[in-house]
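Peer 1: Below you will find the structure I want to go over with you.
Residue numbers (UniProt numbering): 1 to 806.
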């Protein structure tokens with residue numbers, strides 16, 4: 001059902017809040033219908049009814065508007081993220097919101113089904129993106145039909161669809177094959193089980209009862225695919241072993257990049273190629289994955305190093321991972337470091353040589369020497385954890401926490417399998433300011449500035465006054481956030497740039513003829529409201545142009561005076577008829593034929609037309625004004641304004657840091673935040689203690705995770721800074737405090753790269769092949785030779801080093 005944009009909400013926010021809470025608590029059940037809703041609209045609604053703290057001016061959200069989620073064809077855009085871009089709501093909640101607000105004209109509800117994920121640990125998700133598969137017959141592969149299927153649909157459902165579409169008789173048997181490899185699909189499997197991906201071609205093969213399965217005249221092997229065997233003679237391989245790309249199964253570049261780094265870690269690859277894992281599988285470990293993840297990883301390594309393939313699909317590996325970690329079962333982008341952490345932990349537990357873990361009571365250091373406590377901690381760890389992953393990837397970390405009041409110190413030694421290193425914070429940020437001068441003869445200008453990351457709004461305004469050469473005091477400037485042609489919120493001079501979210505990189509700066517704290521004037525926002533067919537129901541989605549700020553004297557004003565002040569301040573956007581003298585009340589009606597003035601509540605929920613026969617004192621802080629213009633006269637009187645653009649950023653060299661700087665930051669004293677307070681056993685209360693890490697012993701394979709992603713209450717940011725790291729001879733001895741540790745230098749063998757922004761982007765990997773000793777770029781199924789100088793880039797996210805041989 002499509003509802004007109006002019007839906008009127010006649011239910012109070014308090015009633016909406018109560019009724020919304022009654023219907024929003026719903027558990028997902030397989031087969032239920034849920035709806036997709038734009039996150040911004042949903043948060044504005046929750047702020048409006050009081051379920052969220054406002055981040056500015058509280059507004060009626062208006063009709064449901066999912067336009068930012070839709071592409072030019074009206075389909076859901078690819079790569080959107082739940083919570084960031086949209087939210088899922090249950091059907092009853094959707095019905096309630098729809099009854100209150102309606103939906104923007106021309107849009108339809110975005111309904112999706114709930115499907116199960118995982119096998120051993122089954123849960124449910126709403127399927128945002130059904131797969132669109134291409135289907136053709138073996139005999140005519142150019143004639144394809146596209147159709148969308150749920151990941152929970154059975155292969156039989158696809159076969160039935162194909163039978164119906166291609167009009168295949170019921171006495172003819174049908175078998176579905178994947179394109180290229182022609183692997184047969186089992187009708188008892190689901191789309192998810194077979195790891196079909198969006199846009200994949202499915203071939204329909206037919207036969208009668210009296211014939212064998214054939215494909216283009218050749219026998220088709222429909223048996224289970226056998227595991228490739230690594231050939232001992234490299235010269236007999238069609239491809240260099242290890243140089244095998246991995247097909248993208250649908251946003252699985254994060255997984256492929258991790259697998260390529262692990263594949264090019266020589267001791268691990270050797271372990272799996274020699275089938276050592278088969279004798280060490282721990283299928284009874286309650287913390288493991290029944291050995292299935294280790295077996296799937298081993299099979300994939302054999303395929304990648306067989307020399308028989310230049311690319312392969314890691315389908316079985318993804319299936320096994322999804323069974324035990326449902327968060328990776330869908331086709332959303334994930335963090336490569338999270339997948340690597342799961343893989344190392346999963347392989348360790350699947351290959352743990354300890355079949356029955358003993359109970360071990362932890363002891364405090366009690367002032368004992370570090371050497372004694374460290375050895376005791378490591379020995380106790382090995383009693384419960386002993387695997388090839390521990391052999392190569394695990395080291396020992398010393399952490400000590402100091403109470404700021406009683407100076408009580410707690411020292412512990414904990415195993416680690418990777419180091420997450422902080423990056424030096426960004427000192428500067430780029431921001432755009434749109435300057436709206438009060439003088440209508442001056443042009444609007446958009447400035448691009450480079451400013452300090454933690455600057456106050458006041459500091460930004462001081463710099464801006466000097467840059468724009470304004471002859472105003474700072475208290476004559478107003479900084480605002482504008483959303484959909486109305487002022488959403490104002491910033492105070494004491495707010496910092498950290499209070500500006502990532503999406504608000506365009507700030508509006510208005511200058512005023514008076515101080516905004518003036519007691520003789522009231523500064524009121526004025527927006528432009530375009531309507532058609534005489535419809536006078538106020539709706540935010542019909543606002544056009546940038547809003548302006550107008551200073552009205554705090555005295556009784558006639559309608560004509562208000563009209564004259566507003567139109568004078570909007571002359572940049574309107575062609576005022578020259579024969580209309582606004583000072584002549586007899587001619588005022590000429591302008592009023594195409595322009596009306598409304599007083600609107602700040603939350604945009606109520607509006608009232610001003611009367612020409614009434615005088616007003618505009619002193620209400622919770623009201624704004626709207627100029628209504630008819631669509632039929634807009635073309636005649638309205639002007640499009642193109643602001644001037646000025647780039648005021650200085651040309652700067654790209655910031656870069658060294659890996660040593662990041663390592664130094666890692667071992668620097670850090671004060672815990674209030675949300676991460678430590679319970680002091682001596683003070684008997686939580687304290688914002690000081691915490692410090694030190695390396696005690698290091699692993700043979702050192703994984704370094706560069707913490708490029710930064711999260712705070714107001715911002716989600718990615719640090720793009722170049723971190724220069726050595727390809728050869730990495731020396732970390734200066735941060736290892738155990739002087740008896742036999743330290744060796746490290747050489748780089750793999751790099752996981754992340755390109756793009758926080759919510760999306762793309763992963764690739766650089767890795768050094770252990771056979772020809774060359775570097776290669778692995779980009780999903782594509783593999784190309786790379787130079788050593790390419791490996792060090794600002795996109796490096798996870799580094800894998802291995803100790804040098806003696």
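In this text, a Cβ means the ideal position worked out from N, Cα and C, and glycines have one as well. Please read these numbers as outputs of a predicted model, since none were measured by experiment.
(1) Contact defined as beta carbons within less than 8 Å: I believe residue 662 pairs with residue 723. What is the distance between those atoms, to the nearest angstrom?
(2) From 371, 255, 770, 485, pick the residue whose C-alpha is nearest to that of residue 396; which is it?
(3) Where does residue 734 fall in DSSP's three states?
(4) Residue 363: which of 164, 381, 346 sits nearest, CA to CA?
(5) Pairs of beta-carbons, one from the region 299-313 and one from the region 244-259, closer than 8 Å: are there three or more?
(6) Any chance the CB of residue 268 is under 8 Å from a heavy atom of the ligand SAH?
(7) Quick one: residues in its chain with C-beta nearer than 8 Å to the C-beta of residue 474, no 5 flanking neighbours on either side, listed in chain order?
(8) Tell me whether residue 602 sits in a helix, a strand or coil according to DSSP, three-state version.
(9) Beta carbon of residue 548, beta carbon of residue 598: below 9 Å?
(10) Do residue 284 and residue 300 have their C-beta atoms within less than 9 Å of each other?
(11) In terms of alpha-carbon separation, which member of 682, 102, 777 lies closest to residue 408?
(12) Whole angstroms are fine: how far does the CA of residue 111 sit from the CA of residue 69?
(13) How big is the Cα-Cα spacing for residue 551 and residue 512?
(14) Three-state secondary structure (DSSP) at residue 112?
(15) Distance, Cα to Cα, residue 296 vs residue 289?
(16) Of all Cβ atoms in chain D, is any one closer than 9 Å to the Cβ of residue 240?
(17) From residue 146 to residue 248, what distance separates their C-alpha atoms?
(18) Name the DSSP beta bridge partners of residue 437, please?
(19) Within the same chain, show all residues whose beta-carbon is closer than 6 Å to that of residue 472, passing over the 5 residues directly before and after it, in chain order.
(20) Among residues of its own chain, excluding the 5 on either side of residue 53, which ones have a beta-carbon nearer than 8 Å to its beta-carbon?
(21) On the three-state DSSP scale, how would you describe residue 689?
(22) Assign residue 358 to buried or exposed, taking buried as 16 or more other Cβ atoms, counted over all protein chains shown, within 10 Å of its Cβ.
(23) Within a Cβ cutoff of 7 Å, which residues of the same chain sit near residue 808, ignoring the five residues on either side of it in sequence?
(24) Give a yes or no on whether the C-beta atoms belonging to residue 317 and residue 259 are separated by under 9 Å.
(25) Going by the DSSP bridge assignment, what does residue 753 pair with across the sheet?
(26) Secondary structure at residue 304, three-state DSSP: helix, strand or coil?
(27) Can you tell me whether residue 487 is buried or exposed, with buried defined as 16 or more other CB within 10 angstroms of its CB?
(28) Counting only the same chain and skipping the five closest in sequence on each side, list residues whose C-beta sits under 6 Å from that of residue 87.
(29) With a 10 Å radius around its C-beta and 16 neighbouring C-beta atoms as the bar for buried, classify residue 790 as buried or exposed.
(30) According to DSSP, simplified to helix, strand and coil, what is residue 276?
(31) How would you write the range of the beta strand (DSSP E) that residue 86 sits in, first residue to last?
(32) Which runs of the beta strand (DSSP E), 3 residues or longer, sit entirely within the region 353-435?
(33) Is the beta carbon of residue 298 closer than 9 Å to that of residue 321?
(34) Output the boundary residues of the alpha helix (DSSP H) element that contains residue 594.
(35) Around the Cβ of residue 686, are there at least 16 other Cβ atoms within 10 angstroms (buried) or fewer (exposed)?
(36) How many whole angstroms separate the CB atoms of residue 763 and residue 754, which I take to be in contact at a CB cut-off of 8 Å?
Peer 2: If we stick to the structure as given:
(1) Residue mapping note: residue 662 aligns to position 662 of the chain shown, counting from 1. Residue mapping note: residue 723 aligns to position 723 of the chain shown, counting from 1. About 6 Å; that satisfies the 8 Å criterion.
(2) Position 396 of the chain shown holds residue 396. Among 371, 255, 770, 485, the Cα nearest to that of residue 396 belongs to 371.
(3) The residue labelled residue 734 in the question sits at position 734 within the chain shown. The answer is helix: DSSP assigns residue 734 an H, G or I state.
(4) One-based indexing of the chain shown puts residue 363 at position 363. Nearest option by C-alpha distance: 381.
(5) yes
(6) No copy of the ligand SAH appears in this structure; indeed no ligand is present at all.
(7) Counted from its first residue, the chain shown places residue 474 at position 474. Cβ contact annotation for residue 474 (same chain, cutoff 8 Å, sequence separation greater than five): 458, 461, 462, 465, 493, in chain order.
(8) The sequence position of residue 602 within the chain shown is 602, counting from 1. Three-state result, residue 602: coil.
(9) As a first step, residue 548 must be located in the chain shown, where it is residue number 548. As a first step, residue 598 must be located in the chain shown, where it is residue number 598. Not in contact: residue 548 and residue 598 (Cβ atoms no closer than 9 Å).
(10) Residue 284 sits at position 284 when you count from the first residue of the chain shown. Residue 300 sits at position 300 when you count from the first residue of the chain shown. No.
(11) Numbered from its first residue, the chain shown carries residue 408 at position 408. If we check each option's Cα against that of residue 408, 682 comes out closest.
(12) Translated into the one-based positions of the chain shown, residue 69 becomes position 69. Translated into the one-based positions of the chain shown, residue 111 becomes position 111. So the two alpha carbons sit approximately 13 Å from each other.
(13) Counting from one through the chain shown, the residue named residue 551 turns up at place 551. Counting from one through the chain shown, the residue named residue 512 turns up at place 512. Roughly 7 Å between the two C-alpha positions.
(14) For this step, residue 112 is matched to residue 112 along the chain shown. Residue 112 falls in the strand class under three-state DSSP.
(15) What you label residue 296 is simply residue 296 of the chain shown in a count that begins at 1. What you label residue 289 is simply residue 289 of the chain shown in a count that begins at 1. For residue 296 and residue 289, the distance between alpha carbons rounds to 11 Å.
(16) In the structure shown, chain D cannot be found, because there is only a single protein chain.
(17) Counting from 1 along the chain shown, the entry for residue 146 is found at position 146. Counting from 1 along the chain shown, the entry for residue 248 is found at position 248. Cα-Cα distance, rounded: 20 Å.
(18) For the purposes of this step, residue 437 is taken as residue 437 along the chain shown, with counting starting at 1. Per DSSP, none; premise fails for residue 437.
(19) Against the chain shown, residue 472 aligns to sequence position 472. The answer, listed in chain order, is 511.
(20) Here the question's residue 53 lines up with position 53 in the chain shown. Non-local beta-carbon contacts of residue 53 in its own chain, meaning distances under 8 Å to residues more than five positions away in sequence, involve 47 in chain order.
(21) Taking the first residue of the chain shown as 1, we reach residue 689 at position 689. Of the three classes helix, strand and coil, the one that applies to residue 689 here is coil, per DSSP.
(22) Here residue 358 refers to the residue found at position 358 when the chain shown is read from its first residue. Classification for residue 358: exposed.
(23) Any answer about residue 808 is impossible in this case: the structure gives the chain only from 1 up to 806.
(24) Against the chain shown, residue 317 aligns to sequence position 317. Against the chain shown, residue 259 aligns to sequence position 259. Cβ atoms of residue 317 and residue 259: closer than 9 Å.
(25) As a working note, residue 753 is residue 753 in the chain shown. Looking at the DSSP assignment, residue 753 forms a beta bridge with 764, 796.
(26) Numbered from its first residue, the chain shown carries residue 304 at position 304. Residue 304 falls in the helix class under three-state DSSP.
(27) For the purposes of this step, residue 487 is taken as residue 487 along the chain shown, with counting starting at 1. Residue 487 should be labelled buried.
(28) In the chain shown, the residue the question calls residue 87 occupies position 87. 37, 39, 42, listed in sequence order.
(29) Walking along the chain shown from the start, residue 790 turns up at place 790. Under this definition residue 790 is an exposed residue.
(30) Within the chain shown, residue 276 is the residue found at index 276, counting from 1. Secondary structure of residue 276 (DSSP, three-state): helix.
(31) If you number the chain shown from 1, residue 86 lands on position 86. From DSSP, the beta strand (DSSP E) with residue 86 extends over 86-90.
(32) 395-402, 409-416, 419-422
(33) If you number the chain shown from 1, residue 321 lands on position 321. If you number the chain shown from 1, residue 298 lands on position 298. Going by C-beta atoms, residue 321 is not nearer than 9 Å to residue 298.
(34) To locate residue 594, count along the chain shown from 1; it is residue 594. Premise fails: residue 594 is in no alpha helix (DSSP H) and is neither H nor E.
(35) Position 686 of the chain shown holds residue 686. Under this definition residue 686 is an exposed residue.
(36) Reading the chain shown from its first residue, position 763 is the one you call residue 763. Reading the chain shown from its first residue, position 754 is the one you call residue 754. The pair is a contact, with the Cβ atoms about 6 Å apart (cut-off 8 Å).
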